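The block underneath contains the structure these notes are about, expressed in structure tokens.
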Amino acid sequence: MNTTLGRIRSAFSSLPARATLVLLTFVSIGIVVMGCVGYLKLDEATRDNAEVRIDRAARAAAAITAGTFAGMFVIERDDTGTPLAIHLSPGLDAAILKTSPKFDSLVEEIAATNQGSANVFCLNRETMLFDRFATTLRNPDGSLARNASLGEAHAAYASLLAGRHYTGEVRVLDRFRLAYLTPMLDSGGTVVGALAVDVGWVDDLVRARTELQSDILISTGLLLFVVTTIGAYLLYRAFRPLRAIGAFAHRVAIGEVDADVPYLGRKDEIGTLAAGMAQVVSMQNKLEQLAYYDQLTGVFNRSRFLRGLDAIFEAREPLSAALLVVDIDGFRGVNEAFGHAAGDALVAQVAAALKAELRPGETLSRIGGNEFAIVTEGRTGAGDVEALAAAVLQRMARPFRLPQAEVQTGCSIGIVLLPANARSTQDAIRNAELALNQAKTGGRGRYCFFTDEMSEAASNRAVTTRALREAIDADELTLHFQPQIRSADFGLFGVEALARWHHATRGDIPPAEFIPIAEESGLIIDLGKVVLNHSCRVARQWLDDGFDFQRISVNVSPTQIRQSDFRAVVVAALEAANLPARYLCLEVTESVFVNHGDRTVLRTVEALRELGVSLSLDDFGTGYSSLGYLNRLPFNQLKIDRSFVTDIDSDEQRKNLLNGMVALGKGLGMQIVAEGAETEAEVVVLCAAGCDAIQGYFFSRPVPVGSLPAEVERVSETARTAFARNGIRLAAS
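If you use our numbering, the sequence shown closes out at 1330, no skipped numbers anywhere.
In structure tokens:
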């Protein structure tokens, strides 16, 4: 008995049995399709009939309403004549929608015409419910069921409230009726009520379809049983050789090929299948090469890398290992300078160089265009892993000789110790990328081990990013303004607009925290637009109030100015505030020119200059600092970064550097603004050097918009008094 059961189980677990089931499945599908055709046709006819009936009912109801209340209602129809809304004639309002013999007669006539029920509703503005005041429905005692309302739970409520008609099933006494509800609108287009008609119970409309469905199910079931029983027996006998080929295929799949493929000599389909299996065996090694190896470098690809990491985490005994993610620095520059062929050649040489640094048992995988992963189970201690990272950095620091040129690159490395720093493959990859980003942030050409603080920082950045997006959408950011003071007379030279963010629970979030996050997430575009629009509105208000602010400066990120529509954004902001362009100054940092052709930047800044907007080169001396760009770009103003201003009174070399910057800017016809002055001594040096204006905490911190006029007056008076008292004579700009 047990032997027989075992054979049965074996037979039905074989490939022939599965093939038989597949064939029978298709036969069964054919039978089911044939059985369903009649049902679908009837279903289609039923639905079409219902749609026609309800459409006719709606048309009839609209026509009867217009005829009964001649001159009082106007029917709005679509191109086919179907009513969309019922409009009250001018001069009439919702007051006419109330219980009256005329409305009772109307619903009775509509119901008799459509062989269904009819109802009229008036929208109660206090409860926002559609109250029924005319109906053909009756209570159990025979009285008209007027006291009912149509609310949010009703299927048609939202459509009616929006002034749209509704067609569909509605619940009545725990059953469903097919209804058409037409909104009633006053002459102003406001919803005041609704007319509802139906053509009967839904289950009565589809009774024939339901009966046919039962017959089809029974007939199909019997037919399937007969076909399945006979077909299974015949097909099982015909495909018995597939059992042997199936067993062989299983051995191929697990790598245990120990004999030739059976039935190779047959001339039928079985022989063809066996010949195909033979080809699979011969191609197995080639397929494995394609599946798990990178074709450019010959090292493991990402799929094989993930498979290896999974094995580490799935092992019964936890394995100590390390994951190093290596990113080639400057790879994009090689592609841009010499083309993708040079980039491919560099990647291949880097793979060979990395592989030379590994010990037996350590694996190298290419997991991205210029990103590699090293997995080592031999070096488990932080010291051993650090030695490998240092060796990789040292090797990558040497130049690579390409057919096009010799290039100097380098790399950055993120390191994760396993399983200490990760519980899964995805954790390991994520944490390695966090460590890699930290290494890049520190200046590239470095390695960095993952720490829990990195994960927490990433989570905090995500939370802050989400909160910043919500704050921008809700217009919760405000502006503070810092005055720029003329060195000649300590009058107002201009003001700089600075974004401030006060979070409901976290309090004031400094710009040094949320501006970089906005840059990384792309929110800087929306944030910059908000600051620009707000600044223009404030400037317009100052003009109207008679406050001579000279010009208002707004910082523009490189991401913003590289947008194709940035000029249009500036124009829209100026036009919306009715602000002349001469009052706006856009501050652009030098980093806008890094890795970007000058054509795009030149077109943008020249277009802005043509508008009459002033342009200021911000943070001068900390970025690209190309004299070629300075000579070609139409800047009005040069802003010396605070790093060159701090302690300038006690650093002679820094003072000489400042004088050179001022001379350069003056020679190019630019105004010079120095930012970050915090002491009187620094201000004295900046004035003597010939700076046109000075900005910094010595004069004023950024203040809210309402405090700025008084703050400017205080700053000017205090500065003049202090310098006069000390007997300091300043050079005029």
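Think of the CB as a built atom: it goes at the ideal place given N, C-alpha and C, for glycine as much as any other residue. Note that the structure is a prediction, hence the values are computed from the model and not measured.
Contact under 9 Å by Cβ, S746 with S686 | no
Buried or exposed: which applies to I827, given that a residue is buried once 16 or more other Cβ atoms fall within 10 Å of its Cβ?
-> exposed
Q1184: first and last residue of the uninterrupted beta strand (DSSP E) it sits in | First, the residue type needs correcting, since residue 1184 is Glu and not Gln in the sequence shown. Per DSSP, E1184 belongs to the beta strand (DSSP E) from 1181–1186.
Taking DSSP as the reference, what is the three-state secondary structure of Y860?
-> coil
Assumed close pair W1098, A1068 - CB separation to whole angstroms, cut-off 8 Å = 6 Å
Compute the Euclidean distance between the alpha carbons of V1092 and P1080, then round it to the nearest angstrom.
-> 4 Å
How long is the line joining the alpha carbons of Q1292 and F1320, rounded to whole angstroms?
-> 17 Å
With DSSP as the reference, please indicate the residues paired to K1236 in a beta bridge.
-> V1270
N- and C-terminal bounds of the alpha helix (DSSP H) containing V1135 | 1121–1142
Option nearest T724 by Cα separation, candidates L758, A945, G868 | L758
Three-state secondary structure (DSSP) of N1152 = strand
Where the alpha helix (DSSP H) containing T710 begins and where it ends = 698–711
Just confirm the distance between the C-beta atoms of K1252 and G1287, as a whole number of angstroms; I'd bet it's less than 8 Å.
-> The Cβ separation is near 12 Å, so there is no contact.
Considering only residues of the same chain and omitting the five flanking positions on each side of R963, which have a CB-CB separation below 7 Å?
-> D891, T894, V896, N898, A948, F969
Are the Cβ atoms of R774 and S714 separated by less than 9 Å?
-> yes
Short Cβ contact (9 Å threshold) for C1082 with F1217 = Checking the sequence, you will find Ile at residue 1082 rather than Cys. Not closer than 9 Å, so no.
Check whether the Cβ atoms of G651 and D795 lie closer than 9 Å to each other.
-> As written in the sequence, residue 651 is Ile, which differs from the Gly given in the question. Yes.
Residues bridged to D728 by DSSP?
-> C719, S746
Report yes or no: do three or more beta-carbon pairs, one from the stretch 925–932 and one from the stretch 1024–1034, lie closer than 8 Å?
-> no
Return helix, strand or coil for G790, following the three-state DSSP convention.
-> strand
Assign P1306 to one of three DSSP states: helix, strand, or coil.
-> helix
With DSSP collapsed to three states, give me the class of Q1157.
-> helix
Pull up the CB-CB distance for T779 and A647, whole angstroms please, since I reckon it's below 8 Å.
-> At roughly 18 Å, the Cβ-Cβ gap does not stay under 8 Å, so T779 and A647 are not in contact.
Every unbroken beta strand (DSSP E) within the stretch 1038–1092, with a cutoff of 3 residues, ordered by chain | 1044–1046, 1075–1083
Collapsed DSSP secondary structure at E1275 in the structure displayed | coil
What is the rounded straight-line gap between the Cα of Y1044 and the Cα of A987?
-> 8 Å
For F1046, which of V1060, T825, L1015 has the nearest alpha-carbon?
-> L1015
Using DSSP with H/G/I as helix, E/B as strand and the rest coil, what is Q1001?
-> coil
Go to Q892, then tell me how far its alpha helix (DSSP H) extends in each direction, as first and last residue.
-> Neither: Q892 is in no alpha helix (DSSP H) and is coded neither H nor E.
Roughly how many angstroms separate the alpha carbons of R743 and K638, rounded to a whole number?
-> 40 Å
Would you call Q1035 buried or exposed, if buried means 16 or more other Cβ atoms sit within 10 Å of its Cβ?
-> buried
Kindly indicate which three-state DSSP category H1100 falls into: helix, strand or coil?
-> strand
Could you tell me the boundaries of the alpha helix (DSSP H) in which D981 lies?
-> 979–993
Once you ignore the five residues that flank I909 on each side, which residues in its own chain have a CB closer than 7 Å to its CB?
-> L916, A918, L1015
Residues bridged to G1338 (per DSSP) = What the structure shows of the chain is the stretch from 598 to 1330, and residue 1338 is not part of that stretch, so it cannot be assessed.
Short Cβ contact (9 Å threshold) for G922 with I1010 | Contrary to the premise, residue 922 reads as Val rather than Gly in this sequence. It is a contact, given that the beta carbons lie within the stated cut-off.
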